[in-house]
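One structure is given below, encoded as structure tokens.
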Amino acid sequence: MKADRSDGYNRPVSKLILVTNDDGIHAAGILELKKSLSALGDVVVVAPDRARSACGHGITLHKPLRVHRVRLADNDHGYSTSGLPTDCVHIGVMELCDRRPDLIVSGINLGANLGWELTYSGTVAGAMEGAAFGIPSFAISVTTYEDGDVFGLASNFARFTAQRILSEGLPDGVFLNINVPPGDGGDVTEVALTHLGIRRYPGRVQTRKDPMGRSYYWLGGDVPTDGLEEGTDLLAASEGQISVTPVHLDLTAYASLERIKGWSLKTFSDRKVAPQS
Ligand code: MN
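Taking the numbering used here, the leading residue of the sequence shown gets 13, the next gets one more, and so forth.
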């Protein structure tokens, strides 16, 4: 199945933007994103067929993936998949797009994606996968869970950032993680370049009893709002700014290599292999 974009004429090929999310293809945020990015080129929507939030960078390897061409609320069409955002980017780039996308955007997610919790996020994983393909990518979220007219500021900033990335590019392996306060199209706010903050939860597991007296658990709990460090995405978001964090896929802790070298782990392989008896 290929998205047919040929018009039969020899016109210059326009930019191709692949859009995905983790809230599902019928979420309001992805439609806002599609609308705002359509001014910059052709937009292909490939997204999960249902809400998949907090699926992280999961990939579907042990069962088949199904793709359906679906009608979106704006009467255009998109592709829904039975998979996760990572799967959507894969199938989108390899199968559905008629040419290599110039940009991959994931969102607009309902709910912030900040700090060390980044890798839980399916939204962020969409951009991670784009970067893994060597395609400039960003993830964008609004810092609210309240549905409604909250995407205007974020969709304007998405278009603004997309223009920048299309002209400037991004370093290999780097994508942007963006969090925007809820707001309408007329809103303006400060943009902060940030690094990922740390948020430690005091009580992350709630234990309850089912009717049979057995324990079950809920992960989550109150979000701590104090002790936010200067320069972090968490602080910028809490102050109502737009937070932009460049993130690298290379998670290697280079500064720790020397220290771990001091453990002499390599001596393990110096030992004589014990004879089989
Ligand atoms: Mn989500």
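Backbone N, C-alpha and C fix where the C-beta goes; we use that ideal spot for every residue, glycine too.
Taking DSSP as the reference, what is the three-state secondary structure of residue i?
i, result
"residue 131", "helix"
"residue 33", "coil"
"residue 119", "strand"
"residue 257", "strand"
"residue 214", "coil"
"residue 207", "strand"
"residue 177", "helix"
"residue 27", "coil"
"residue 56", "strand"
"residue 162", "coil"
"residue 92", "strand"
"residue 147", "coil"
"residue 225", "coil"
"residue 188", "strand"
"residue 197", "coil"
"residue 105", "helix"
"residue 235", "coil"
"residue 279", "helix"
"residue 152", "strand"
"residue 78", "coil"
"residue 72", "coil"
"residue 220", "strand"
"residue 98", "helix"
"residue 83", "strand"
Under 8 Å by Cβ, that's how I've got residue i and residue j pegged, so tell me the actual separation to the nearest angstrom.
i, j, result
"residue 142", "residue 33", "In fact, because the Cβ distance is near 13 Å, the residues do not count as touching under 8 Å."
"residue 150", "residue 210", "Not really, about 22 Å apart at Cβ, beyond 8 Å."
"residue 30", "residue 152", "Not quite, the Cβ-Cβ distance comes to about 14 Å (not below 8 Å), so this is no contact."
"residue 244", "residue 127", "7 Å"
"residue 201", "residue 252", "6 Å"
"residue 185", "residue 262", "6 Å"
"residue 27", "residue 86", "19 Å between Cβ atoms; not a contact."
Label residue i either buried or exposed according to how many other C-beta atoms from any shown protein chain fall within 10 Å of its C-beta, with 16 as the threshold for buried.
i, result
"residue 235", "exposed"
"residue 218", "exposed"
"residue 256", "buried"
"residue 179", "exposed"
"residue 198", "exposed"
"residue 25", "exposed"
"residue 173", "buried"
"residue 133", "buried"
"residue 267", "exposed"
"residue 274", "exposed"
"residue 125", "buried"
"residue 135", "buried"
"residue 168", "buried"
"residue 215", "exposed"
"residue 110", "exposed"
"residue 131", "exposed"
"residue 225", "exposed"
"residue 113", "buried"
"residue 254", "buried"
"residue 272", "exposed"
"residue 188", "buried"
"residue 231", "exposed"
"residue 269", "exposed"
Looking at the C-beta of residue i, does it have a partner C-beta in chain C at a distance below 7 Å?
i, result
"residue 93", "Absent from the structure is chain C; it holds one protein chain and no more."
Give me the pocket residues for ligand 1, defined as CB within less than 5 Å of any heavy atom, sorted by chain position.
Here the residues come out as 34, 35, 65 and 121.
Touching by the beta-carbon criterion (3+ pairs, under 8 Å), the stretch 116-123 and the stretch 157-175:
Because the criterion of three Cβ pairs below 8 Å is met, the stretch 116-123 and the stretch 157-175 touch.
Counting beta carbon pairs with one atom in the stretch 150-161 and one in the stretch 64-75, are three or more of them shorter than 8 Å?
Verdict: no, contact absent.
So does the stretch 49-61 actually touch the stretch 92-102, counting three or more Cβ pairs closer than 8 Å?
Yes, they touch.
Answer yes if the stretch 102-110 comes into contact with the stretch 36-45, meaning at least three C-beta pairs across the two stretches below 8 Å, and no otherwise.
By the C-beta criterion, the stretch 36-45 is judged not to be in contact with the stretch 102-110, since fewer than 3 inter-stretch pairs fall below 8 Å.
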